[in-house]
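Visitor: In my numbering, the protein residues as written are 65 to 375.
Here a beta-carbon is modelled for each residue, glycine too, at the ideal position from N, C-alpha and C.
Model, not experiment: these values are computed from the prediction.
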């Protein structure tokens, strides 16, 4: 640990001047004082920085590494000091958000883009750092402080996390029109047993989504299901469904455009029921929430209504 940053500056000046004597003149101190500071720095780092002997100071490999660091550090410091001296604005910390992919890609990102484009303060506002992850990764990133806000489909019991209902979205069964007119036309979609014979396109976050949909429509789960394709992302799921590879259960927001274009069909086997799923915002428990994050949450809760599709 370096106990005095002046020692780092002295080392940097010795490197620039090429000798302890010239560095002392530039630093307005004695040569023994510069030598003492550099030796203290070497002791703190646990390694020699100069090869001793001769009039000129030659760097060791460790010294060259430290010099490269000093060049970056002091250049950035001097630039920042100059900007602040002339009243330049301080760069805002980004708003870091991690979300499960379906909601993040099809709801959160468009909503945030809309908020920014309609906000006259955008030029002065903080930048966004938006990441799409699995729920497990979202929990980890929030707990470790790598992101300010997480968005998941299902909360978990944790002393380290706080959850806030954000909005609800519909989960739907989808299939290609050709599959609906063909193999599915012969199936009784109101019977839970039917779904043991239907080929499904599954995905990384699909276990919860499928389970939630079956529970909402049938109050039970099928004994088994058959996965013909498994993907990480919903884009590939929708593309495979559109090709007639199988059916899938996805957030309606992920297939809204494809359904309107009649590339896929949204199926509701039990017309009296819809599978509405709650989405939750996640923050660290006990920690302060940045005002910008509160603003984002309020805008999402007020400005993004629950999705409906009547197709």
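Please report the straight-line C-alpha distance between residue 184 and residue 294, rounded to a whole angstrom.
Guide: Unreliable placement is indicated for residue 184, whose pLDDT of 46 sits below 50; the coordinate value is still reported in the next sentence. Residue 184 and residue 294: Cα-Cα distance of roughly 43 Å.
Visitor: Residue 216 by DSSP, collapsed to three states: which one?
Guide: Strand, per DSSP.
Visitor: Measure the alpha-carbon distance for residue 141 versus residue 162 and round it to whole angstroms.
Guide: If I take the Cα positions, the gap works out to 31 Å.
Visitor: Looking only at its chain, what residues have a beta carbon closer than 6 Å to the beta carbon of residue 333, apart from the 5 residues adjacent to it on each side?
Guide: The answer, listed in chain order, is 253 and 254.
Visitor: State the CB to CB distance for the pair residue 343 and residue 213, rounded to an integer number of angstroms; the pair is presumed to be in contact (CB under 8 Å).
Guide: That belief does not hold up - the Cβ atoms of residue 343 and residue 213 are roughly 12 Å apart, past 8 Å.
Visitor: Can you tell me which residues form a DSSP beta bridge with residue 161?
Guide: Residue 161 pairs with 194 and 213.
Visitor: Could you name the residues of the same chain whose beta carbon sits closer than 7 Å to that of residue 85, not counting the 5 residues immediately before and after it, in chain order?
Guide: Once the five neighbours on either side are set aside, the close Cβ partners of residue 85 are 95.
Visitor: Please name the residue, chosen from 110, 122 and 193, that lies closest to residue 357 on a Cα-to-Cα basis.
Guide: Measuring from the Cα of residue 357, the nearest candidate turns out to be 193.
Visitor: Please specify which runs of the beta strand (DSSP E), each continuous and at least 3 residues long, are wholly inside the segment 203 to 285, giving them in chain order.
Guide: For the segment 203 to 285, whole beta strand (DSSP E) runs of length 3 or above, ordered along the chain, are 213 to 216, 225 to 239 and 263 to 267.
Visitor: From 145, 284 and 243, pick the residue whose C-alpha is nearest to that of residue 327; which is it?
Guide: If we check each option's Cα against that of residue 327, 243 comes out closest.
Visitor: Excluding the five sequence neighbours on either side, which residues of its own chain have a C-beta within less than 8 Å of the C-beta of residue 74, listed in chain order?
Guide: Result list for residue 74: 87, 91, 98, 101, 102 and 105, in chain order.
Visitor: Would the segment 260 to 280 count as touching the segment 299 to 313 if we require 3 or more Cβ pairs under 8 Å?
Guide: Yes: the two stretches touch, three or more of their Cβ pairs being nearer than 8 Å.
Visitor: Since residue 225 and residue 200 should fall inside the 8 Å C-beta cutoff, what is the C-beta to C-beta distance between them, to a whole number of angstroms?
Guide: Not quite, the Cβ-Cβ distance comes to about 12 Å (not below 8 Å), so this is no contact.
Visitor: Give me the Cβ distance between residue 211 and residue 195, rounded to the nearest whole Å; I'm assuming they're in contact under 8 Å.
Guide: Contact holds; Cβ gap of about 7 Å.
Visitor: Hey, residue 306 and residue 322: beta-carbon distance below 8 Å or not?
Guide: Going by C-beta atoms, residue 306 is nearer than 8 Å to residue 322.
Visitor: Here's a check: name, in chain order, each residue in its chain whose Cβ is nearer than 7 Å to the Cβ of residue 258, leaving out the five neighbours to either side.
Guide: So the qualifying residues of the chain are 251 and 252.
Visitor: Is the beta carbon of residue 280 less than 8 Å from the beta carbon of residue 337?
Guide: Contact flag set, yes.
Visitor: Which runs of the beta strand (DSSP E), 3 residues or longer, sit entirely within the segment 314 to 348?
Guide: Taking only runs of at least 3 residues, the beta strand (DSSP E) segments lying wholly in the segment 314 to 348 are 329 to 331 and 339 to 348.
Visitor: To the nearest angstrom, how far is it from the Cα of residue 133 to the Cα of residue 123?
Guide: Their Cα atoms are separated by approximately 14 Å.
Visitor: Tell me, to the nearest whole angstrom, how far the beta carbon of residue 304 is from that of residue 238; I am working on the premise that it is less than 8 Å.
Guide: Between residue 238 and residue 304 the Cβ distance is about 11 Å, and since that is not below 8 Å, they are no contact.
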